[in-house]
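Numbering (UniProt numbering) for the sequence shown: 1 to 222.
Just so it is clear, CB atoms sit at the ideal spot from N, CA and C, and this is done for glycine as well.
Take a look at the structure below.
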Amino acid sequence: MNIHFGRGDIMGYPPDWRVGADPEAAAALMRDYPFAHLITAHRGLRSTRIPLIADLEDGRPKRLRGHLNAQNPQTRGLDGRQALVTFDGPASYVSPNWRTDLSRAGTYDYEQVQVRGTVKLVADIAFFRRLIDDLAAMIEPQYAEVGDYPVWQTAMSPPGYIERLFPAITAFEVEVESVEMISKLHQAFSEADRRSISNHLARSRREDARAIAARIRAQLDG
Numbered sequence: 001m002n003i004h005f006g007r008g009d010i011m012g013y014p015p016d017w018r019v020g021a022d023p024e025a026a027a028a029l030m031r032d033y034p035f036a037h038l039i040t041a042h043r044g045l046r047s048t049r050i051p052l053i054a055d056l057e058d059g060r061p062k063r064l065r066g067h068l069n070a071q072n073p074q075t076r077g078l079d080g081r082q083a084l085v086t087f088d089g090p091a092s093y094v095s096p097n098w099r100t101d102l103s104r105a106g107t108y109d110y111e112q113v114q115v116r117g118t119v120k121l122v123a124d125i126a127f128f129r130r131l132i133d134d135l136a137a138m139i140e141p142q143y144a145e146v147g148d149y150p151v152w153q154t155a156m157s158p159p160g161y162i163e164r165l166f167p168a169i170t171a172f173e174v175e176v177e178s179v180e181m182i183s184k185l186h187q188a189f190s191e192a193d194r195r196s197i198s199n200h201l202a203r204s205r206r207e208d209a210r211a212i213a214a215r216i217r218a219q220l221d222g
């Protein structure tokens, strides 16, 4: 299957300067911010926030893996359905006071990856065990600074743990059909305005604000 990468809206929104063209950047955001929204429209609109693994092929997202509680109504009729999955990166408010033109209202800068694809349920305990191990292997190192602990794996759980847990979950894959990375970082403004914005955000106590500042500076200096 050919996976479309880039803007998915034929009406021209978001504008080209907001849509990233780097699949590796999209994959990195999906890895660093794996707690995604799974959105479906069968039997009414449903959204569940869950951690997801993005499997890559040639550096591009090819497949997502995850699981839902089997009691979640979103699992009903999910197999074979279309889904929108959003991975939300950092976001921060930008005040008009940080730009030369005060006539325009404040706004938010942010980064997000939107993935569209088809859901396939996987009723296989080996798939589920591997999924749990892969999620832990991806996420736990992001918190390594809080203590010197080994990365948790299912082998560390009591005998029969996965077997008891498996009936209570619904594991699935999403076969990726399109990937859209949106990066709104005041690209349409002057360099002076963008440096002012990044300097102000860098002084914020909010981690997301500092992350946006770093991304703006990377664009300016790269």
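What three-state label does DSSP hand residue i in the structure shown?
{"i": "Pro34", "result": "coil"}
{"i": "Ala41", "result": "coil"}
{"i": "Ser190", "result": "coil"}
{"i": "Val176", "result": "strand"}
{"i": "Thr154", "result": "helix"}
{"i": "Arg49", "result": "strand"}
{"i": "Ser198", "result": "helix"}
{"i": "Ser204", "result": "coil"}
{"i": "Asp124", "result": "coil"}
{"i": "Met11", "result": "For Met11, the predicted model reports a pLDDT of 45, less than 50, meaning its position is unreliable; a value from the coordinates is still stated below. Three-state DSSP puts Met11 in coil, outside helix and strand."}
Measuring alpha carbon to alpha carbon, tell me which residue in the options is nearest residue i.
{"i": "His42", "options": "Asp58, Arg31, Ala36 and Gly80", "result": "Gly80"}
{"i": "Leu185", "options": "Arg164, Arg217, Val85 and Thr154", "result": "Arg217"}
{"i": "Asn69", "options": "Ile169, Ser204, Phe189 and Ala211", "result": "Ile169"}
{"i": "Met138", "options": "Asp22, Pro23, Ala26 and Pro34", "result": "Pro34"}
{"i": "Ile197", "options": "Leu220, Gly160 and Val146", "result": "Leu220"}
{"i": "Arg46", "options": "Ala54, Gly106, Asn97 and Leu78", "result": "Leu78"}
{"i": "Asp193", "options": "Arg99, Leu64 and Val122", "result": "Arg99"}
{"i": "Ile182", "options": "Glu111, Arg31 and Arg63", "result": "Glu111"}
{"i": "Val174", "options": "Gln114, Pro73, Tyr161 and Glu145", "result": "Gln114"}
{"i": "Ala171", "options": "Arg49, Leu121 and Ala36", "result": "Leu121"}
What are the partner residues of residue i, as DSSP defines its beta bridges?
{"i": "Leu68", "result": "Thr170"}
{"i": "Pro141", "result": "For Pro141, which the question treats as bridged, DSSP gives no partner whatsoever."}
{"i": "Lys62", "result": "Beta-bridge pairing links Lys62 to no other residue."}
Which stretch, first to last residue, makes up the beta strand (DSSP E) that contains residue i?
{"i": "Tyr93", "result": "Gln82 to Val94"}
{"i": "Leu121", "result": "Thr107 to Leu121"}
{"i": "Leu56", "result": "Ile53 to Glu57"}
Following the continuous alpha helix (DSSP H) through residue i, name the residue where it begins and the one where it ends.
{"i": "Asp221", "result": "Glu207 to Asp221"}
{"i": "Arg164", "result": "Tyr161 to Leu165"}
Please look up how many angstroms separate the CB atoms of residue i and residue j, rounded, as I've assumed it's under 8 Å.
{"i": "Asp109", "j": "Ile212", "result": "5 Å"}
{"i": "Ser92", "j": "Ala209", "result": "4 Å"}
{"i": "Ala36", "j": "Ile50", "result": "7 Å"}
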